[in-house]
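Take a look at the structure set out below.
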Amino acid sequence: SAVISQKPSRDICQRGTSLTIQCQVDSQVTMMFWYRQQPGQSLTLIATANQGSEATYESGFVIDKFPISRPNLTFSTLTVSNMSPEDSSIYLCSVREDSNQPQHFGDGTRLSIL
Amino acid sequence: GQNIDQPTEMTATEGAIVQINCTYQTSGFNGLFWYQQHAGEAPTFLSYNVLDGLEEKGRFSSFLSRSKGYSYLLLKELQMKDSASYLCAVFNNAGNMLTFGGGTRLMVKP
Numbered sequence: 003s004a005v006i007s008q009k010p011s012r013d014i015c016q017r018g019t020s021l022t023i024q025c026q027v028d029s030q031v032t033m034m035f036w037y038r039q040q041p042g043q044s045l046t047l048i049a050t051a052n053q054g055s056e057a058t059y060e061s062g063f064v065i066d067k068f069p070i071s072r073p074n075l076t077f078s079t080l081t082v083s084n085m086s087p088e089d090s091s092i093y094l095c096s097v098r099e100d101s102n103q104p105q106h107f108g109d110g111t112r113l114s115i116l
Numbered sequence: 004g005q006n007i008d009q010p011t012e013m014t015a016t017e018g019a020i021v022q023i024n025c026t027y028q029t030s031g032f033n034g035l036f037w038y039q040q041h042a043g044e045a046p047t048f049l050s051y052n053v054l055d056g057l058e059e060k061g062r063f064s065s066f067l068s069r070s071k072g073y074s075y076l077l078l079k080e081l082q083m084k085d086s087a088s089y090l091c092a093v094f095n096n097a098g099n100m101l102t103f104g105g106g107t108r109l110m111v112k113p
């Protein structure tokens with residue numbers, strides 16, 4: 003399976019600032035996704051990162067708050083903008099090489115906002 | 004929409020067998036995944052069922068009944084390291100997305 007490198011692994015940020023999380027895959031993958039996992043909760047899909055076009059956001063998530071880039075088939079970024087304590091969560095990059103393959107996860111970014 | 008249900012918590016004894024159930028309601032079903040997630044770590048892939056029946060992989064097995072919207076994960080010869088959350092996730096081909104249940108926290112006791 004693809005090796006997924008996500009960074010930073012963790013960060014502590016000030017309210018009102020923004021942080022960009024990077025996801026690098028060691029092979030070209032068709033599908034890349036960003037998830038959020040709040041403390042004690044399961045995973046919630048934020049958006050599907052589409053190569054060369056705007057990301058597809060799920061209900062409750064908007065581009066202004068979570069801008070996403072995907073310039074090629076191996077790399078994507080998620081920015082958490084104008085952060086508040088409610089954004090404290092683990093953010094996970096996930097990839098699927100094609101629709102018949104399992105979906106795999108990066109190690110996640112643990113984000114705390116003061 | 005999609006609805007995925009699994010028990011919140013389960014407790015079992017080391018060496019025993021435990022079955023974690025998952026029921027789902029979805030349109031465009033195209034497969035069900037089970038993931039294991041240890042505290043503070045990312046989910047790791049355990050199994051993928053797209054057809055009815057039992058898939059066995061070592062100590063872990065997963066079963067799917069599409070007509071009943073039901074799956075289970077069976078863990079045999081439980082070890083302390085199996086204490087983790089187990090996430091059931093449904094793949095909806097129409098939306099090309101994976102939706103997760105709330106997860107079952109399994110505690111294995113000596």
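So the protein sequences, as listed, match chains A and B.
With my numbering, the residue at position 3 of the first sequence is 5, and numbering never jumps.
With my numbering, the residue at position 101 of the second sequence is 104, and numbering never jumps.
Glycine included, each C-beta is placed from N, C-alpha and C at the ideal position.
Proximity test, P10 (chain A) beta-carbon vs the ligand PLP heavy atom, cut-off 7 Å:
Annotation note on the ligand PLP: not contained in the displayed structure, which lists no ligands.
For K71 (chain B), which of helix, strand or coil comes out of DSSP?
coil
Using DSSP bridges, identify the partner residues of R12 (chain A).
A:R112
Kindly list the residues whose CB is nearer than 6 Å to the CB of V27 (chain A), restricted to its own chain and excluding five residues on each side of it in sequence; keep chain order.
A4, I6, T76, V97
Among B:S30, B:M13, B:N95, nearest to L76 (chain B) - alpha-carbon criterion
B:M13
Going by the CB atoms, is the gap between R17 (chain A) and I115 (chain A) shorter than 8 Å?
yes
Nearest to G105 (chain B) (by Cα), restricted to the options B:E80, B:A19, B:F48, B:Y38
The shortest C-alpha separation from G105 (chain B) is found at B:Y38.
Simplified DSSP state of E60 (chain A), which is helix, strand or coil
coil
Reducing DSSP to helix, strand and coil, say where M110 (chain B) ends up.
strand
With DSSP as the reference, label E59 (chain B) as helix, strand or coil.
strand
By how many angstroms is the C-alpha of F107 (chain A) removed from the C-alpha of G62 (chain A)?
22 Å
Check whether A87 (chain B) and L101 (chain B) have beta carbons under 8 Å apart:
no
Cβ-based neighbour list, T16 (chain B), same chain, cut-off 6 Å, excluding 5 preceding and 5 following
K112
According to the neighbour-count rule (16 or more other Cβ atoms, all chains shown, within 10 Å of its Cβ), is P46 (chain B) buried or exposed?
Its Cβ being crowded by 16 or more others within 10 Å, P46 (chain B) is buried.
Flag N6 (chain B) as yes if its beta-carbon sits less than 8 Å from any beta-carbon of chain A, otherwise no.
no
Under 8 Å, Cβ to Cβ, is there at least one residue of chain A near M83 (chain B)?
no
When you compare the CB of T111 (chain A) with every CB in chain B, is at least one pair closer than 8 Å?
no
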